[in-house]
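So the structure is just underneath, and the comments pick up after that.
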Amino acid sequence: MAKVYVFDHPLIQHKLTHIRDVQTGTKEFRELVDEVATLMAFEITRDMPLEEIEVQTPVSKAKAKVLSGKKLGIVPILRAGIGMVDGILKLIPTAKVGHVGLYRDPETLQPVEYYVKLPSDIEERELIVVDPMLATGGSAVEAIHSLKKRGARNIKFMCLIAAPEGVEILKEAHPDVDIYIASLDEKLNEKGYIVPGLGDAGDRLFGTK
Ligand code: PRP
Ligand code: URA
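Letter by letter, the sequence shown follows residues 48 to 256 of this note's numbering.
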């Protein structure tokens, strides 16, 4: 069964509060999403495998650890997931980046896929799918389905804010995908927005409306 991790690190929580604030403008919103993505990447990589090598320090030889070369991929769900990519690449600069384009039909709330471009060796990579919001769960479920259809086997999902409804749907659809979130909010409203949430992540990130 999928595990759900809520990152309660004080820096993540502090920055998330400012992200939520309706007074926070596009520039600051973008910067804060980038910073939180970096902090979350730090937490999510906690279980990355290490191997021991020998290194010559100025003083002596030492046995020391390095990452054991697992291949990573970051897959933002367009549009809003893009806002989290650079923050993760700051810590994992060699990761490849794939894109899955989905939008949520405003009437039906069903995800509509319009673009997929992925690294060719996707089946060998550990993938982190990113999107600031997990609301009804439709977009995340569909994006991950799309990745699995193309051979992906090892997937984590990371978002800033999740609704309990979305978490349940995602766990049920993809029990092999662990979920990493900064906040588990209260509920969805009648328009499928997360309450209290942060509003429309794509619009706030890109200054559209
Ligand atoms: C938002 C958000 C998620 C999706 C979450 O994207 O970035 O992808 O909604 O909702 P769900 O869990 O109910 O599917 P949106 O559809 O607004 O597209 P955008 O990023 O292009 O603005
Ligand atoms: N998409 C968003 O951008 N915000 C929500 O609250 C729900 C879906």
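Beta carbons: idealized from backbone N, C-alpha and C, even for Gly.
In this structure, how does DSSP classify R197 when only helix, strand and coil are distinguished? Judged by DSSP in its simplified three-state form, R197 adopts coil rather than helix or strand.
Tell me whether R197 is buried or exposed, calling it buried when 16 or more other Cβ atoms sit within 10 Å of its Cβ. Result: exposed.
Outcome for P123 when other beta-carbon atoms lying within 10 angstroms are tallied against a minimum of 16: Here P123 is buried, its C-beta having at least 16 other C-beta atoms within 10 Å.
Touch test, the region 238-253 against the region 208-218, Cβ-Cβ under 8 Å, three pairs minimum: Cβ pair count under 8 Å is three or more, so yes.
List the whole-angstrom C-beta distance separating L194 from I169, where the pair is believed to meet the contact cut-off of C-beta under 8 Å. Right, the Cβ-Cβ distance comes to about 7 Å (below 8 Å), so this counts as a contact.
Excluding five sequence neighbours on each side, which residues of the same chain lie with their C-beta closer than 8 Å to the C-beta of T85? The residues are G134, I135, K137 and L138.
In whole angstroms, what separates the C-alpha of I191 from that of N201? Near 10 Å, if we compare the C-alpha coordinates of N201 and I191.
Find the nearest neighbour of E219 within the set D152, G120, T183 and D250, judged by alpha-carbon distance. Per the Cα distances, T183.
Per-residue DSSP class, three states only, for E180: The sequence shown places Met at residue 180, not Glu. Here M180 sits in strand by DSSP.
Rounded straight-line distance, which links the Cα of G72 to that of S186: The straight-line gap from Cα to Cα measures roughly 26 Å.
Please determine whether the Cβ atom of R77 lies at a distance below 7 Å from any heavy atom of the ligand PRP. False, no ligand heavy atom lies under 7 Å from that Cβ.
Run the Cβ filter for me: residues under 5 Å from any heavy atom of the ligand URA, listed in the order they occur in the chain. Chain-ordered list of matching residues: M180, A182, Y240, I241, G244, D247 and A248.
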